[in-house]
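Only one structure is covered here, and it is reproduced in the block below.
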Amino acid sequence: MFPVELSGTRARTLMWAQESEIDAAALQQLRNIARLEWVHGVRVMPDVHLGKGATVGSVIAMRDAVAPAAVGVDIGCGMESVRTDLTAADLPDDLRALRSAIEAAVPVGFNAHKKPVQVSKLAPGPSGVATPTLRTGWDRFWSAFDDLDESVAPRESKAHKQMGSLGGGNHFIEVCLDQDDQVWILLHSGSRNIGKEIAERHMAVARELPHNQNLVDRDLAVFLANTPEMTAYRHDLTWAQEYAARNRAVMLALVCEAVRKQFPTREVRFDTPISCHHNYVAEENIDGVPMLVTRKGAVRAGAGDMALIPGSMGTRSYVVRGKGNPESFQSASHGAGRRMSRNAAKRQFSVADLVAQTEGVESRKDAGVLDEIPAAYKNIDEVIEAQHDLVDVVATLRQVLCVKG
197 MFPVELSGTR ARTLMWAQES EIDAAALQQL RNIARLEWVH GVRVMPDVHL
247 GKGATVGSVI AMRDAVAPAA VGVDIGCGME SVRTDLTAAD LPDDLRALRS
297 AIEAAVPVGF NAHKKPVQVS KLAPGPSGVA TPTLRTGWDR FWSAFDDLDE
347 SVAPRESKAH KQMGSLGGGN HFIEVCLDQD DQVWILLHSG SRNIGKEIAE
397 RHMAVARELP HNQNLVDRDL AVFLANTPEM TAYRHDLTWA QEYAARNRAV
447 MLALVCEAVR KQFPTREVRF DTPISCHHNY VAEENIDGVP MLVTRKGAVR
497 AGAGDMALIP GSMGTRSYVV RGKGNPESFQ SASHGAGRRM SRNAAKRQFS
547 VADLVAQTEG VESRKDAGVL DEIPAAYKNI DEVIEAQHDL VDVVATLRQV
597 LCVKG
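Right, here's the structure in full:
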């Protein structure tokens, strides 16, 4: 059934979704992207929906060029998850105390830590989640801040304090049960305000470059290889992608610590975490040619690659293993994908609807998260089924607790 080829494009565009099921504005965005002379090909995931400049759920292979909008403003946004040795039987009937403990450990929304997290004190002992990202390289990483675009220099203190914080929107921390009732921790976040400011600064630069003046959509402005602007963007982008990965590693350690404290009579153990970006740039060979590949709302699904594909706060999420399908540029979806805008969700649904759709999940159930109601998202099971040639399902996770900003 899939993939299907999108009609009316210059660069070949293959989709793991039916054209009739995609919003007209998103289809036009895809055609605009495929029209760019530097684009070798576009791949469209089943969670595709309208974005700024480039659609969310798209994978774009470009020759000697990159479009910042094809990465997005939340550079390095992605997922992190770890399986614990707890089971459903270990969890209390009332999870409010655990949610409060997680919310106390990890700032949400626009909030930040009052002081930077002391990373060296996280994840002690054999039950910790001290991954290499968490353990090493911090001095090198922070010293590189001085080399970022000068416009973000005033944000260094804020970046330190936001390290290990969640943000808002569709970002979340969840406690889940798999098909064997094993407890998992799952979280979704990115590069926070510093990534956004880096992205917006470079997007503004790209829009003013001479070769971008006649684009049908100036939000698709590109940087070209071997130019100072491209070098500056790739430098700052790489740093922001690392910030996002380190942010998730710190958060996961903080959440694991909060979980451990809820079980004082036993030592809770954690497996090796799974981590993946879904807004980023990578250098990859596509059709035998070196390309710059942007995944915006898509994960790498090379043969054996582990990835995480979340649903909404009242449905399911999936742990998957990539099949390395070259037709998709070795990619898969990053989640369920929105089927309606945030404003449309707020107009259509009520808090009572949110309560009904998140029954059985310990979570916020108020107007502040109404735009994240499960019905605003596509059916995650259908999204997974549409990409059975891209990934194998390793575990199916159902939420029992969800923290949102």
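For the sequence shown, the residue numbers in my numbering are 197 to 601. Glycine included, C-beta positions come from ideal geometry on N, C-alpha and C.
Sorting Arg239, Phe466 and Ala222 by C-alpha distance to the C-alpha of phenylalanine 198 places Arg239 at the top. Around the CB of glycine 484, fewer than 16 other CB atoms lie within 10 Å, so the residue is classed as exposed.
Here histidine 384 is bridged, per DSSP, to Met275 and Phe368. Residue pairing for arginine 594: DSSP places it in a beta bridge opposite Leu373 and Arg512. About 6 Å separates the CB atoms of tyrosine 439 and glycine 391; that is less than 8 Å, so the two are in contact. Here DSSP, grouped into helix, strand and coil, assigns isoleucine 470 to strand. Secondary structure note for arginine 208: its beta strand (DSSP E) is the uninterrupted segment 208-211. Boundaries of the alpha helix (DSSP H) around arginine 456: 424-457.
In the same chain as arginine 397, and ignoring 5 residues on each side of it, the C-beta atoms closer than 6 Å to its own belong to Asp345 and Ser347, in chain order. For serine 296 and valine 262, the gap between their C-alpha atoms comes out near 42 Å.
Taking the Cα positions, threonine 468 is about 38 Å away from leucine 416. In its chain, beyond the 5 residues on either side, Leu373 and Asp377 have a beta carbon closer than 6 Å to the beta carbon of alanine 284.
Annotated three-state conformation of asparagine 521 is coil, per DSSP. Between glycine 305 and leucine 450, the CB-CB gap reaches or exceeds 7 Å.
For the pair of segments examined, the stretch 225-241 was found to touch the stretch 412-427: the number of CB pairs separated by less than 8 Å reaches three. Measuring C-alpha to C-alpha distances from threonine 251 to each of Ser316, Ala266, Asp286 and Met258 identifies Ala266 as the nearest.
The Cβ atoms of valine 516 and valine 579 lie no closer than 7 Å to each other.
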